[in-house]
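Quick notes on the structure that follows.
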């Protein structure tokens, strides 16, 4: 509405690569059950692509900085994926072994 603001969200922004990475690392965890791996991948996709990625894109657009887009955009994504995997592997699946969910 007259602000002169414009942004192009390309094909790489929607999270296809991130989905592949999340699925690959979780499914490679052979010491976890298939049920745990399927649940971890599904929840990870929702968490990263459905929640984190839109926030990351909005922050990048609002900053308007090439550095934020080119460096921090990728770095935060890597940290989010590694963080989700660690949370899933160390906390959620361990909790299941103690009688919680996902057995």
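In the numbering used here, the protein residues as written are 488 to 590.
Beta carbons: idealized from backbone N, C-alpha and C, even for Gly.
The model shown is predicted, which means the values in this text are computed figures rather than measured ones.
Residue i to residue j span [Cα, whole Å]
i	j	result
residue 552	residue 558	10 Å
residue 577	residue 566	16 Å
residue 541	residue 523	26 Å
residue 517	residue 508	16 Å
residue 580	residue 570	14 Å
residue 498	residue 521	31 Å
residue 500	residue 560	10 Å
residue 494	residue 530	29 Å
residue 562	residue 515	23 Å
Cβ pair residue i, residue j closer than 8 Å
i	j	result
residue 510	residue 526	no
residue 536	residue 505	yes
residue 572	residue 532	no
residue 538	residue 496	no
Burial state of residue i (16 or more Cβ within 10 Å)
i	result
residue 502	buried
residue 568	buried
residue 547	buried
residue 575	buried
residue 519	buried
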